[in-house]
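Note that my numbering has the sequence shown beginning at 22, numbered continuously upward. As structure tokens, the structure follows; a few thoughts come after it.
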Amino acid sequence: MARQQINNQELIAAIATPSGSGGIGIVRLSGCDIASCEKHLLDRPAISGHICKRDFLDSAGQTIDTGIALRFTTPNSFTGEDVLELHGHGGTAVIRRLLQRCVELGARIAEPGEFSKRAYINGKLDLAQAESVADLINSTTERRAKLAIASLRGELSSRANALANQILDIRAHVEAAIDFSDEDISVNSLQEIRGKINQMIENHQNFLTECKSSIAIGSRANVTLIGAPNVGKSSLLNALCVAPLAIVDDKPGTTRDVVTATSQLDGMEVIFNDTAGLRQSTNVVEREGMRRANLARDDADIVIQVHDITQPAKRLRAQLHVFNKIDLSGQAPHSSNDEVFVSAITGAGIDILRSQISRLLNGTGEEPTFLARERHAQAIENSLKSLIAARRDDVYLEEMAEHLRIAHNEISKITGSSHVEDLLGEIFAQFCIGK
């Protein structure tokens with residue numbers, strides 16, 4: 022069922038492939054009057070549900086390009102409306118000319134995320150699923166893409182809907198007690214209601230924990246390497262990223278700025294920061310490098326102090342201490358508690374170090390089953406606050422019912438089944454144009 026009317030299904034068009042030259046370029050149209058548009062745009066109409074080779078024509082009937090036309094009729098399309106996709110060659114001039122031709126024939130350039138927004142409004146996707154479309158497009162790791170697919174298939178939505186239904190069930194009991202207020206509600210009945218609310222609070226807390234874990238996976242983790250000069254921080258950065266990214270030299274103080282590199286670690290995107298060596302110095306440039314190193318340490322999710330195992334060193338505040346150069350000490354690679362023993366030069370122990378970093382980034386929680394956003398966590402927290410308020414011993418039934426109503430509305434915002442009109446513009450504005 023459509024959630025609201027969309028400007029009488031005004032015809033929209035957009036380029037649905039990234040900018041620049043490529044083998045294929047796609048222009049997508051959705052809305053009313055597609056049949057009229059394709060009558061003048063194609064050398065002959067496309068057949069719904071079939072792959073059709075067609076010429077794309079300009080106003081003079083000359084061929085702009087030759088490609089594939091895909092026609093979908095309502096409601097059997099992504100948006101739930103009539104849709105036409107034009108798959109042509111990916112030259113910038115060609116694909117822009119094709120889009121301009123669609124505008125000449127009455128289409129309006131789509132706003133960012135407008136196709137997905139129409140899919141939501143027309144009931145093809147709920148709000149969490151629509152957001153997962155953008156998350157899937159923007160996924161930079163296999164792990165994130167896998168969780169985005171799970172959300173697109175409804176894993177996140179089903180969890181939110183289950184909580185909403187639980188609240189709805191207890192609301193019915195409370196509202197019934199209010200309607201029959203001439204009959205005293207028993208102490209046992211009140212205890213049963215509060216017991217059910219307690220269970221819902223626990224369910225909310227578990228859901229919130231998984232959401233926050235999922236959000237962490239969706240974000241880039243920041244890992245900063247600190248330590249004295251010449252302990253092997255740059256070599257360690259290169260070993261972790263399997264690329265010669267940082268300059269390595271035997272002379273202390275080679276690194277004067279923060280060198281950053283991005284790598285994947287167990288499906289998570291991690292930014293590694295190599296920093297200037299920390300020591301007493303009067304050199305202005307070196308002191309500035311150390312100032313920046315301290316800023317990078319303050320912003321890090323994980324701080325790793327790198328030690329030269331052949332030299333004594335003062336321990337600094339860090340989650341992990343890496344003792345480098347075991348190839349010079351004759352030790353075997355190993356780890357214990359917050360220590361890892363490696364050789365950045367030979368690569369010995371680097372796999373152990375990567376596992377330790379992954380463990381710290383992921384914590385001890387279970388692997389989430391969906392990809393969530395901050396908006397979802399906030400909705401759960403708001404719902405949770407109202408449930409806690411409803412559970413209080415001094416709350417009258419009418420107050421309890423109001424708190425439960427608010428809790429239900431808040432958790433329902435995840436899927437967009439209530440009170441989300443003010444969120445739609447903000448959410449879909451973050452999508453790419455053409456999706």
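Using N, Cα and C, we set each Cβ at its ideal position, and we do this for glycine too.
Original post:
Under three-state DSSP, which class holds V244?
Top reply: Taking the first residue of the sequence shown as 1, we reach residue 244 at position 223. Here DSSP, grouped into helix, strand and coil, assigns V244 to strand.
Subject >> alpha helix (DSSP H) runs contained entirely in the region 350 to 430, provided each spans 4 or more residues >> reply: Entirely contained in the region 350 to 430, the alpha helix (DSSP H) runs reaching 4 residues are, in chain order, 371 to 383 and 395 to 412.
**OP:** Entirely within the region 94 to 135 and at least 4 residues each: give me those alpha helix (DSSP H) ranges in chain order.
**Re:** Entirely contained in the region 94 to 135, the alpha helix (DSSP H) runs reaching 4 residues are, in chain order, 113 to 125.
Original post:
Below 7 Å between beta carbons: does that hold for L105 and H61?
Top reply: For the purposes of this step, residue 105 is identified with residue 84 of the sequence shown, where counting begins at 1. For the purposes of this step, residue 61 is identified with residue 40 of the sequence shown, where counting begins at 1. Going by C-beta atoms, L105 is not nearer than 7 Å to H61.
Subject >> Identified DSSP bridge partners for M289 >> reply: Taking the sequence shown and counting its residues from 1, one reaches residue 289 at position 268. Per DSSP, L286.
Original post:
How would you call T145, buried or exposed, if buried means at least 16 neighbouring beta carbons within 10 angstroms?
Top reply: The sequence position of residue 145 within the sequence shown is 124, counting from 1. Note that residue 145 corresponds to Lys in the displayed sequence, not to Thr. With 16 or more other Cβ atoms within 10 Å, it is buried.
**OP:** Return helix, strand or coil for H194, following the three-state DSSP convention.
**Re:** For this step, residue 194 is matched to residue 173 along the sequence shown. H194: helix per DSSP, three-state reduction.
Original post:
With a CB to CB cut of under 7 Å and the five nearest residues on each side skipped, what residues in its chain are close to S404?
Top reply: Walking along the sequence shown from the start, residue 404 turns up at place 383. The residues are H225, A428, E431 and I432.
Subject >> Selection from P333, V305, H424 and I247 that minimises the alpha carbon distance to N294 >> reply: On the sequence shown, position 273 is the one that residue 294 refers to. Comparing Cα-Cα distances from N294 to each of P333, V305, H424 and I247, the minimum goes to I247.
Original post:
Between the C-alpha atoms of V363 and N259, what's the straight-line distance to the nearest angstrom?
Top reply: In the sequence shown, counting from the first residue as 1, residue 363 sits at position 342. In the sequence shown, counting from the first residue as 1, residue 259 sits at position 238. Cα-Cα distance, rounded: 13 Å.
Original post:
So, helix, strand or coil for C262, using DSSP?
Top reply: Counted from its first residue, the sequence shown places residue 262 at position 241. Of the three classes helix, strand and coil, the one that applies to C262 here is helix, per DSSP.
Subject >> Buried or exposed by the 16-neighbour rule on C-beta atoms within 10 Å, applied to H71 >> reply: Position 50 of the sequence shown holds residue 71. By the 10 Å Cβ count, H71 comes out exposed.
**OP:** Pick helix, strand or coil for C58, following the three-state DSSP scheme.
**Re:** Numbered from 1 along the sequence shown, position 37 holds the residue referred to as residue 58. Residue state for C58 is assigned as helix, using DSSP reduced to three classes.
Original post:
Is D287 closer than 7 Å to S379 when the C-beta atoms are compared?
Top reply: Reading the sequence shown from its first residue, position 358 is the one you call residue 379. Reading the sequence shown from its first residue, position 266 is the one you call residue 287. Against a cut-off of 7 Å, the Cβ pair of D287 and S379 comes out as a contact.
**OP:** Please work out which residues of its chain come closer than 7 Å, Cβ to Cβ, to D262, disregarding the five sequence neighbours upstream and downstream, and give them in chain order.
**Re:** Working through the sequence shown from its first residue, we reach residue 262 at position 241. A quick correction: the sequence has Cys, not Asp, at residue 262. Same-chain partners within the cutoff: A282, S284 and F293.
**OP:** Please go through the same chain and pick out, in chain order, the residues whose beta-carbon is closer than 7 Å to the beta-carbon of V252, but skip the five residues on each side of it.
**Re:** Taking the sequence shown and counting its residues from 1, one reaches residue 252 at position 231. So the list reads V327, H328, D329 and N345, once near-sequence residues are dropped.
**OP:** Give the single residue among P389, R396 and V416 whose Cα lies nearest to the Cα of S234.
**Re:** Start at 1 with the first residue of the sequence shown, and residue 234 comes out as number 213. Distance from the Cα of S234 is smallest, within the candidate group P389, R396 and V416, for P389.
Subject >> Counterpart residues of S51 in DSSP-defined beta bridges >> reply: As a position in the sequence shown, residue 51 is number 30, starting the count at 1. Per DSSP, I33 and V104.
Original post:
In whole angstroms, what separates the C-alpha of I116 from that of D64?
Top reply: What you label residue 116 is simply residue 95 of the sequence shown in a count that begins at 1. What you label residue 64 is simply residue 43 of the sequence shown in a count that begins at 1. About 17 Å.
Subject >> Beta-bridge partners of H342, as assigned by DSSP >> reply: Working through the sequence shown from its first residue, we reach residue 342 at position 321. DSSP lists Q326 and E360 as partners of H342.
Subject >> CA-to-CA distance, R241 to E31, given in whole angstroms >> reply: The residue you call residue 31 lines up with position 10 of the sequence shown. The residue you call residue 241 lines up with position 220 of the sequence shown. Those two C-alpha atoms are separated by around 39 Å.
Original post:
Does DSSP put D319 in a helix, a strand or coil?
Top reply: Position 298 of the sequence shown, counted from the first residue, corresponds to residue 319. Reduced to three states, the DSSP call for D319 is helix.
Original post:
Are the C-beta atoms of I199 and some chain D residue less than 7 Å apart?
Top reply: No chain D is part of this structure, which consists of one protein chain only.
Original post:
By the 10 Å Cβ neighbour count, where 16 or more other Cβ atoms means buried, how is L349 classified, buried or exposed?
Top reply: By one-based count along the sequence shown, residue 349 stands at place 328. Label assigned to L349: exposed.
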